[in-house]
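Reviewing the structure listed below.
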Amino acid sequence: MYVVHSTVQVPKGKADEVIAIYQNRSRLVDTFEGFQAFHLWQNEKRPEELTVHMEWVDKASYMNWVTSDAFKKVHELEKNYPDQELAAIVPKVSKYQVVAR
């Protein structure tokens with residue numbers, strides 16, 4: 009299994025807006041081969057810290073996703089988000105190979 013986390017610090021007072029965006033996401037990734045799960049996590053102590061957690065069968069499946077036209081489409085939508093303060097956020101991405109369960 010391969011896991012990817014993208015963590016962002018959203019501006020104060022905008023966490024609910026970002027959560028709503030993810031609750032209404034396109035779900036294009038959900039049908040991608042090798043995709044297993046998507047979760048959006050909110051830090052209990054720092055509610056402006058949000059983490060996208062994605063699980064994949066393997067790294068190759070994830071790499072197929074990030075090089076796909078569907079991935080480009082999803083991320084182009086983010087760049088065109090009307091709130092430029094949110095559009096400018098750069099996530100901290102961490103990738104993990106699951107080595108034990």
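Offset between the sequence shown (1-based) and the working numbering: plus 8.
Note that the Cβ used here is the ideal one computed from N, Cα and C, for glycine as well.
Quantities reported herein were computed from a predicted structural model and do not represent experimental measurements.
For residue i, count neighbouring Cβ atoms within 10 angstroms of its own Cβ and tell me buried if that reaches 16, exposed if not.
| i | result |
| --- | --- |
| Y30 | exposed |
| W73 | buried |
| W128 | What the structure shows of the chain is the stretch from 9 to 109, and residue 128 is not part of that stretch, so it cannot be assessed. |
| E106 | Glu is not the amino acid found at residue 106; the sequence shown has Val there. Under this definition V106 is an exposed residue. |
| Y70 | buried |
| V18 | buried |
| A110 | The chain is shown from 9 up to 109; residue 110 falls before or after that span and cannot be answered. |
Give the straight-line distance between the Cα atoms of residue i and residue j, rounded to the nearest whole angstrom.
| i | j | result |
| --- | --- | --- |
| K20 | E56 | 6 angstroms |
| T15 | V26 | 12 angstroms |
| E93 | M9 | 34 angstroms |
| T59 | F43 | 17 angstroms |
| A108 | V12 | 16 angstroms |
| A68 | T39 | 16 angstroms |
| D91 | N51 | 22 angstroms |
Classify residue i as helix, strand or coil using the three-state DSSP reduction.
| i | result |
| --- | --- |
| V37 | helix |
| A108 | coil |
| A45 | strand |
| E57 | strand |
| M71 | helix |
| V12 | strand |
| K20 | coil |
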